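Numbering (this note's numbering), first residue to last: 368 to 434.
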């Protein structure tokens, strides 16, 4: 899950597993697997960075378990 910002400034949390495409045109448009489109303030690069950070946290947690 990543936090993004709508054009009106409202923050929301998106399940990044649902992202199909991210285009900057000039606004960033995220198309989800269900066909819904979302326009956000973040650049495509920022969206990508947030997804990568989220995935790193998941994988780090999986491989660094103690017990």
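Virtual Cβ for every residue (Gly too), placed ideally from N, Cα, C.
All values reported here derive from a predicted model rather than from experimental measurement.
Flag this pair as yes or no: are the beta carbons of residue i and residue j separated by less than 8 Å?
i	j	result
residue 386	residue 374	no
Assuming residue i and residue j are in contact, meaning their beta carbons sit under 8 Å apart, how far apart are those beta carbons, in whole angstroms?
i	j	result
residue 379	residue 371	6 Å
residue 395	residue 410	6 Å
residue 369	residue 407	10 Å between Cβ atoms; not a contact.
residue 465	residue 425	Past the boundaries of the shown model lies residue 465; the chain is included only from 368 to 434, so the question cannot be answered.
Output the boundary residues of the beta strand (DSSP E) element that contains residue i.
i	result
residue 449	No information on residue 449 is available, as it lies outside the stretch 368 to 434 that the chain covers here.
residue 390	386-391
residue 371	369-372
residue 378	378-381
Complete beta strand (DSSP E) runs within the region 397-428 (minimum length 3 residues, chain order): 404-407
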